[in-house]
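Residue 158 in numbering that gives the first Met the number 0 sits at position 159 of the sequence shown, and the numbers go up by one each step. Glycine included, C-beta positions come from ideal geometry on N, C-alpha and C. These notes concern the structure reproduced below.
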Amino acid sequence: MFSQKTYNERRSRLKREVGSGLILLLGLEESPINFAHNTYPFRQDSSFLYFFGLNRPGLNTIIDIDENREILFGDDLNEESVIWTVPQQNLSALGEQVGIEDCRKLDCLEDYLKDHLGKRILHFLPTFRHDQKATLSRLLNTQTNNDSLPASETLTRAVINQRSYKTEEEIAEIEKAIMVSNVIHTSAMKISRPKMFEYEAVGLLEGMNKSLNSRPSFQTIFTVHGEILHNPSYDNQMKAGDLVVHDSGAESPNHYAGDITRTFPVNGKFTDKQREVYTIVLHALEVAMNAVKPGVEFRSIHRLAGKVILEGLANLGIIKGNPEEAVEADIHTLFFPCGLGHMMGLDVHDMESLGEDYVGYNDLVRRNPNFGWRNLRLGKALESGNVITIEPGIYFNPRLTELWKSAGKGKDFVNYSALESYFDFGGIRIEDDILVADQGYRLLGPAIPKTIDEIEETCRTE
Ligand SMILES: [Mn+2]
0 MFSQKTYNER RSRLKREVGS GLILLLGLEE SPINFAHNTY PFRQDSSFLY FFGLNRPGLN
60 TIIDIDENRE ILFGDDLNEE SVIWTVPQQN LSALGEQVGI EDCRKLDCLE DYLKDHLGKR
120 ILHFLPTFRH DQKATLSRLL NTQTNNDSLP ASETLTRAVI NQRSYKTEEE IAEIEKAIMV
180 SNVIHTSAMK ISRPKMFEYE AVGLLEGMNK SLNSRPSFQT IFTVHGEILH NPSYDNQMKA
240 GDLVVHDSGA ESPNHYAGDI TRTFPVNGKF TDKQREVYTI VLHALEVAMN AVKPGVEFRS
300 IHRLAGKVIL EGLANLGIIK GNPEEAVEAD IHTLFFPCGL GHMMGLDVHD MESLGEDYVG
360 YNDLVRRNPN FGWRNLRLGK ALESGNVITI EPGIYFNPRL TELWKSAGKG KDFVNYSALE
420 SYFDFGGIRI EDDILVADQG YRLLGPAIPK TIDEIEETCR TE
């Protein structure tokens with residue numbers, strides 16, 4: 000946990016920005032897998048962590064701006080708990096750690112709301128879990144079903160506005176997470192070999208994550224079919240000549256995320272064809288990073304990366320015509336149908352539960368609804384203090400290619416017969432995490448092997 004001062008300052012600022020009313024900030028409950036007492040590992044809501052720091056289920060809070068009061072609601076463990084759990088701090092001790100003096104039993108929250116609802120503005124954030132929606136629904140004493148509950152736009156925007164700019168202590172946390180990623184990614188390169196199954200590698204790598212007192216910040220992607228962007232299975236047997244796309248992250252002790260992708264050859268040596276495509280993606284990453292500075296719209300950097308990718312593919316004979324015109328015609332989306340990056344912080348896709356468009360877009364920059372572009376989570380101008388990922392890729396997806404070809408899409412720019420020889424290639428993505436700084440960017444965490452030479456060298460050494 001950070002110091003009490005950090006949480007006090009964060010809440011003070013929130014109160015100033017929201018102005019008046021009551022803020023109801025719900026913590027999360029345990030989430031059952033197959034029966035009530037067999038639960039997923041607990042992880043607190045990120046906005047709750049941001050303002051209250053407490054990673055424990057069964058807590059809710061009220062920030063009463065008008066009466067300048069902050070209340071933590073929760074229950075102390077009962078006597079029988081001595082059988083089941085280790086001693087835990089009681090509620091008032093928890094509150095004290097994060098600067099809250101007023102601590103009350105959980106069921107007092109309902110009474111507090113009853114006394115104040117109707118007379119005051121109530122602010123709450125969008126919910127993303129059914130149990131949260133149900134709790135909110137019960138607390139508001141409404142029959143309205145789930146999604147129609149109106150979250151407070153004022154509060155949502157205020158929270159996003161605070162969480163979008165990272166302080167030095169937050170950046171230090173993110174860098175701790177990337178230190179773990181460094182160990183995991185270099186280990187992945189060393190341990191992977193032909194005949195090994197993907198799940199064998201993933202098991203070792205996630206175990207390594209745990210052994211460093213950390214945990215994955217999202218579900219690991221580790222696949223020889225990198226052309227499928229969210230490939231959730233690890234059933235393939237790796238073979239010589241395959242490329243592995245390994246996209247994973249760790250969560251720091253204070254719950255900040257890292258998100259790193261590396262692509263490497265299973266047998267430790269890139270083929271000429273793989274080197275050619277890898278070089279394009281790495282170049283796109285470098286060009287994109289060098290374009291980062293405050294005031295630059297991220298959508299323009301995404302477009303720039305798309306252009307670099309098409310120029311590279313033109314050199315390989317896959318693209319014909321002018322790359323500038325090709326990118327204007329959205330041809331890059333055939334190879335790069337996802338976004339160049341996203342905000343990162345307490346969530347790997349930071350604040351996504353609060354609404355992607357609030358986080359990544361504004362009145363000046365609206366989301367482009369076209370294929371590929373609509374998956375870009377961040378489009379607006381970057382600002383100093385933002386932490387973002389940069390993750391260009393080239394994906395040779397045979398099914399997508401067939402769809403385009405049969406629809407006659409992109410025929411003026413795509414040499415489909417040349418492209419067919421890449422149908423067994425897979426995909427390549429390279430991803431780093433950066434801080435937008437006053438003059439440009441700062442690479443976060445240690446330098447993780449990234450060039451062809453560095454990767455082959457890492458694969459070679461034990
Ligand atoms: Mn990412």
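Classification of residue i by the beta-carbon crowding that lies within 10 angstroms, buried from 16 upward
i: Lys4; result: exposed
i: Leu13; result: buried
i: Glu79; result: exposed
i: Ala92; result: exposed
i: Thr450; result: exposed
i: Asn144; result: With a pLDDT of only 49 at Asn144, under 50, the local geometry of the prediction cannot be trusted, and the value read off the model is given with reservation. That one is exposed.
i: Tyr415; result: exposed
i: Ile87; result: The question names Ile, yet the displayed sequence has Gln at residue 87. Its Cβ having fewer than 16 others within 10 Å, Gln87 is exposed.
i: Thr166; result: exposed
i: Ser213; result: buried
i: Trp83; result: exposed
i: Phe34; result: exposed
i: Phe395; result: buried
i: Gln142; result: Below a pLDDT of 50, predicted positions are generally treated as unreliable, and Gln142, at 46, falls in that range; no measurement from the model is reported.
i: Asp356; result: exposed
i: Ser191; result: buried
i: Tyr360; result: buried
i: Glu169; result: buried
i: Leu154; result: buried
i: Lys410; result: exposed
i: Lys379; result: buried
i: Asn37; result: exposed
i: Phe297; result: buried
i: Leu402; result: exposed
i: Arg10; result: buried
i: Gln43; result: buried
i: Ala287; result: buried
Test item: CB-CB of residue i and residue j under 8 Å
i: Asn181; j: Pro445; result: yes
i: Leu204; j: Ala187; result: yes
i: Thr400; j: Leu333; result: yes
i: Met342; j: Val358; result: yes
i: Val347; j: Phe221; result: no
i: Leu70; j: Val17; result: Checking the sequence, you will find Ile at residue 70 rather than Leu. No.
i: Leu58; j: Phe72; result: yes
i: Ala176; j: Tyr49; result: no
i: Leu345; j: Leu375; result: no
i: Ile427; j: Gly392; result: yes
i: Gln131; j: Leu25; result: yes
i: Ala150; j: Pro125; result: yes
i: Val413; j: Ile318; result: yes
i: Ile120; j: Met350; result: no
i: Phe269; j: Ile308; result: no
Nearest residue (CA-CA) to residue i, options the options
i: Asp432; options: Arg365, Ser247, Glu296; result: Ser247
i: Gln96; options: Phe51, Pro56, Asn59; result: Phe51
i: Met178; options: Arg156, Val291, Gly257; result: Gly257
i: Arg68; options: Ser19, Leu303, Leu58; result: Ser19
i: Pro264; options: Val17, Leu345, Pro56, Gly425; result: Gly425
i: Leu138; options: Arg162, Thr126, Lys209, Leu108; result: Leu108
i: Ile62; options: Ile99, Ser30, Lys404, Thr460; result: Ile99
i: Ile447; options: Tyr255, Asp110, His184, Pro40; result: His184
i: Ser163; options: Ser420, Pro231, Lys408, Leu353; result: Leu353
i: Asp423; options: Pro336, Ile159, Ser46, His224; result: His224
i: Glu310; options: Lys132, Asp271, Glu327; result: Glu327
i: Ala200; options: Ile32, Gln236, His115, Glu8; result: Gln236
i: Glu250; options: Arg274, Thr388, Pro215; result: Pro215
i: Leu116; options: Trp372, Arg15, Ile22, Ile318; result: Ile22
i: Ser420; options: Gly316, Leu443, Thr134; result: Gly316
i: Ile454; options: Thr270, Arg10, Thr262; result: Thr262
i: Leu442; options: Glu197, Leu105, Val291, Gly94; result: Val291
i: Asp234; options: Ser45, Val435, Gly202, Thr260; result: Gly202
i: Tyr440; options: Glu382, Leu281, Arg459; result: Glu382
i: Val435; options: Asp362, Gly294, Ala325; result: Gly294
i: Phe196; options: Lys238, Met350, Ala283; result: Lys238
i: Gly267; options: Ile32, Arg15, Arg459; result: Arg459
i: Thr60; options: Gln273, Glu461, Leu135, Thr270; result: Leu135
List in chain order: all unbroken beta strand (DSSP E) runs of 3+ residues lying wholly within the region 231-287. Whole beta strand (DSSP E) segments, 3+ residues: 242-247, 259-264.
Alpha helix (DSSP H) runs wholly inside the region 431-460, at least 4 long, in chain order: Entirely contained in the region 431-460, the alpha helix (DSSP H) runs reaching 4 residues are, in chain order, 451-459.
In chain order, which continuous runs of the alpha helix (DSSP H) of length 4 or greater are located wholly inside the region 99-146? Complete alpha helix (DSSP H) runs here, min 4: 107-115, 129-138.
My parser needs the alpha helix (DSSP H) runs of 4 or more residues fully inside the region 341-379; what are they? Listed in chain order, they are 355-359.
Could you tell me which uninterrupted alpha helix (DSSP H) segments, each at least 4 residues in length, are contained entirely in the region 11-79, listed from first to last along the chain? Counting whole runs of 4 or more residues, the region 11-79 contains the alpha helix (DSSP H) stretches 45-51.
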